[in-house]
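Single-structure report; data block below.
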Amino acid sequence: MAAPGHSQSFFDGITSWFTGKKADEPMVDALPYKVTIKVDHGDSDLRSAIEDSSNLVTLQESSAPGVAGLVQRALSDQERITAALYEKGHYAGEIDILIAGVDVNDRGVYDTAEAARKRGPVPVQINVDVGPLFHFGDIRVLDAKTRRPLTDVPDLEESDLVEGEVAASSAIARAERLIVADLRKRGYPFARIDGKDVAANHITRRLEVSLFVESGPKAGFGRFTVSGTEGLDPEFVESRINIEEGDPYTPERLDKLRRRLTSYPIIAGVKLLEAETLDPNGRLPVDVEISERKPRYFGFGTKYSTTEGTAANAYWGHRNLFGGAETLRIDGQVSWFGGEPDSVPNADPFGYMLKATFTKPGIFTVDDDLLAEAAVLREVTNAYVRDAVTFNAGVRRRISDTLSVQVGVDFEQGHVEDADGKRRDFVAGLPIDVIYDTTDSLLDPTRGIRSSARIEPFAYLGEAGAGPVLARGSLAAYHAVDDRNRFILAGRVASGSMIGANLSDVPAQRRFYAGGGGSIRGYEYQSVSPRNDNGDIIGGLSFFEASAELRVRITDTIGLVPFVDMGAAFEDEVPDFSGLKYAAGLGLRYYTAIGPIRFDAAVPLNPRDSDIGYGIYVSVGQAF
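So, in structure tokens, the structure goes:
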């Protein structure tokens with residue numbers, strides 16, 4: 000039964016059922032209060048910093064747990080506001096907090112507050128005289144043992160701990176981190192700040208700072224051990240530790256090792272636990288503690304577009320099939336094209352795909368991965384309808400954390416119907432892919448570059464025989480305008496060409512098309528492509544696309560994205576940039592644990608008479 004005065008709502012009950020958590024219980028001795036802040040000699044920025052630091056202010060709507068709780072908040076605020084003043088360079092400020100007119104440090108404040116609560120919310124007055132602004136004076140970095148100045152010290156200007164600068168307390172902490180990081184980078188794993196002396200001169204209004212540094216011994220890496228593995232073979236991890244005993248110690252090598260290991264789907268996290276003491280050889284042992292994900296997973300998804308129809312998919316996967324981080328994923332998808340395909344008017348709009356993808360890390364060396372994919376599919380588009388069996392396989396070489404090269408084979412056997420009729424096509428290619436990726440997220444990047452390039456000579460391509468070469472590439476860049484990643488500039492360009500073939504010889508599914516959700520939003524799927532004399536879409540031998548977005552995060556879960564797209568496909572193998580189409584739109588993003596859910600609406604800016612007036616797209620992940 001719910002407590003008296005508190006009835007659990009229907010939604011509270013539903014939440015409890017799903018999460019296992021009970022709804023918040025009512026506060027036993029809730030004490031409403033009203034805060035007033037008076038700041039003398041401070042600007043609006045300083046006042047905001049004081050208000051943001053105050054628990055009395057930020058927790059005001061939730062009341063206080065009785066008089067004792069209110070007094071405790073006030074006492075805590077004295078320290079918190081003092082810290083806020085120090086951060087802004089004010090070291091002679093005065094803070095008075097009154098509860099019902101009585102100083103919070105007065106013993107009589109409890110009785111006064113109890114009496115005041117009977118008259119309504121208890122008044123709380125915060126008076127702050129910020130005092131004069133201080134600047135840094137002498138800055139000294141000393142050896143903790145000898146008390147002599149250290150000569151090999153990094154430039155502290157980056158931390159703002161510089162004589163004459165505003166004496167922000169955070170600058171001291173940044174300088175400490177900078178000094179320790181520099182020493183660790185130079186091979187001192189136990190480097191630390193042993194102490195500091197900070198003195199405010201109230202006459203000169205200068206803050207004198209002395210930092211005492213304990214560098215500790217210089218060391219190399221010792222033995223690496225592996226712990227925490229469950230289904231994953233420990234030897235798999237050991238073979239990927241490319242740090243030898245005796246190599247100079249640097250945190251950068253450990254960071255690279257962590258990124259390398261977490262690139263495997265089975266590994267959820269890596270802790271690199273450095274020993275507290277050196278081994279008998281003067282080296283630093285490190286334990287690699289692995290946290291594994293659940294090996295099996297499944298899921299489903301859907302996407303919708305007014306120009307491309309609807310698709311639903313389900314998948315099942317295994318992240319560690321044989322104990323060596325091998326992965327297997329089975330995907331199934333059904334789709335329904337929005338209407339009759341333009342080039343195949345009487346085609347059934349139903350499509351499907353069943354696909355299996357397998358990866359085997361370390362096929363030759365620890366840097367070589369085997370990738371294989373087989374699929375059976377029926378694809379329905381405006382330009383063609385395809386029934387096919389495909390198989391792709393290749394070996395990917397990891398050149399570095401950000402660069403990889405893949406060489407493989409590409410086979411396809413299928414029936415394709417387009418504006419020219421039905422044809423049976425066989426494709427055999429040798430694709431070579433280069434991928435460079437410095438982004439910080441797969442589905443929602445905020446910084447970095449993501450680029451890819453493919454060269455695929457064809458041993459056989461439909462009726463073109465041997466000789467044609469496909470070349471295509473894309474480049475996307477992301478830049479966070481602010482430190483909180485609330486404003487992200489994103490841009491993308493892509494282009495491609497089929498070299499050495501006539502358009503009629505190239506199977507429809509291997510030609511280039513433009514228009515639609517992954518291309519030029521606002522135009523129908525494939526509609527910004529070459530057409531025959533009857534107006535049917537036939538595709539081209541080249542294409543060019545470009546997009547720009549401003550991704551604005553309004554709240555933690557909601558974002559807005561204004562965007563522009565442009566591009567076209569061209570009949571010749573070299574883009575001539577004639578007939579470029581432009582579009583603009585606005586997107587809504589709902590951020591979830593699995594990535595942003597995307598809702599985009601776009602309109603064409605220079606449409607043809609036959610073009611639609613808008614396009615709507617719903618899917619998971621950013622547009623690019």
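Under numbering that gives the first Met the number 0, residues 0 to 623 are what the sequence shown spells out, in order. Where is the CB? At the ideal position from N, CA and C, for every residue including glycine.
Discussion item. Let's see if you can read the secondary structure: which residues bound the beta strand (DSSP E) around F235?
Written reply: Careful: F235 lies outside any beta strand (DSSP E), inside the alpha helix (DSSP H) at 233-237.
Practice prompt. Specify the secondary structure class of V56 as computed by DSSP and reduced to three states.
Written response: helix
Practice prompt. Would you kindly work out how many angstroms separate the C-alpha atoms of Q525 and D341, rounded to a whole number?
Written response: 10 Å
Worksheet entry | CA-to-CA distance, A143 to G230, given in whole angstroms | 47 Å
Fill in: For T301, three-class secondary structure by DSSP
strand
Fill in: Residues that N484 bridges to, as DSSP identifies them
According to DSSP, N484 bridges with nothing at all.
Worksheet item: Would the beta-carbon of I265 fall within 8 Å of that of R328?
Response: no
Worksheet entry | Contact the segment 201-209 vs the segment 273-288: 3+ CB pairs below 8 Å | no
Worksheet item: Got a sec? Which residues, its chain only, sit under 8 Å from P188 by beta carbon, not counting five neighbours each side?
Response: G215, A218, Y248, E273, L283
Worksheet item: Sorted by chain position, which residues of the same chain lie with C-beta nearer than 6 Å to R204's C-beta, five sequence neighbours on each side aside?
Response: P131, F133
Worksheet entry | Rounded straight-line distance, which links the Cα of A166 to that of V38 | 20 Å
Worksheet entry | Those runs of the alpha helix (DSSP H) which lie wholly inside the segment 141-226 and span at least 4 residues | 168-184
Item to complete: Report the three-state DSSP secondary structure of R552 (helix, strand or coil).
Response: strand
Item to complete: Would you kindly check if the distance between the Cβ of G221 and the Cβ of E244 is under 8 Å?
Response: yes
Worksheet item: Grouping DSSP H, G and I as helix and E and B as strand, with all else coil, what is R116?
Response: helix
Item to complete: Please report how far the alpha carbon of E157 lies from the alpha carbon of D102, in whole angstroms.
Response: 42 Å
Worksheet item: Between the segment 593-600 and the segment 494-505, do three or more beta carbon pairs fall short of 8 Å?
Response: no
Item to complete: Could you give the DSSP three-state label for P250: helix, strand or coil?
Response: helix
Discussion item. Quick check on the DSSP output: the beta strand (DSSP E) that includes L376 runs from which residue to which?
Written reply: 367-379
Item to complete: Compare the C-alpha of T389 against each of S403, R395, A371 and name the closest.
Response: A371
Worksheet item: When we look at the beta-carbon of Y296 and count the other beta-carbons within 10 Å, is it buried (16 or more) or exposed?
Response: exposed
Worksheet entry | Counterpart residues of D51 in DSSP-defined beta bridges | Paired residues: none, contrary to the question.
Worksheet item: With contact counted as at least three CB pairs below 8 Å, one residue from each stretch, are the segment 558-565 and the segment 576-584 in contact?
Response: yes
Discussion item. Since G323 and P360 should fall inside the 8 Å C-beta cutoff, what is the C-beta to C-beta distance between them, to a whole number of angstroms?
Written reply: 7 Å
Discussion item. Taking 6 Å as the limit between beta carbons, can you name the residues of its chain near S168, skipping five residues before and five after?
Written reply: Y85, E86
Item to complete: Express the C-alpha separation of G428 and L353 in angstroms, rounding to a whole number.
Response: 22 Å
Discussion item. According to DSSP, T309 sits in a beta bridge with which residue or residues?
Written reply: Y303, W335
Worksheet item: Is the segment 533-550 in contact with the segment 478-495, if contact means three or more CB pairs nearer than 8 Å?
Response: yes
Worksheet item: Once you ignore the five residues that flank R139 on each side, which residues in its own chain have a CB closer than 6 Å to its CB?
Response: S209
Practice prompt. Could you say which of R147, A174, V492, E162 lies nearest to P153 if we only look at CA atoms?
Written response: A174
Fill in: Cut-off 7 Å between Cβ atoms - residues of its own chain near S518, not counting five sequence neighbours on either side
E544, G566
Practice prompt. Count the other CB atoms, across all protein chains shown, that sit within 10 Å of the CB of T18; report buried if there are 16 or more and exposed otherwise.
Written response: Only weak support is given to the placement of T18: the predicted model assigns it a pLDDT of 42, under 50, and the value that follows is read from those uncertain coordinates. Counting Cβ neighbours within 10 Å, T18 comes out exposed, since fewer than 16 surround it.
Discussion item. In whole angstroms, give me the CA-to-CA distance for V236 and I434.
Written reply: 24 Å
Worksheet entry | Length of the line joining the Cα atoms of E455 and N391 | 12 Å
Fill in: Integer Cβ distance of Y351 from R377, believed to fall under 8 Å
5 Å
Discussion item. Bridge partners for K293 per DSSP, in chain order?
Written reply: K293 is not bridged to any residue.
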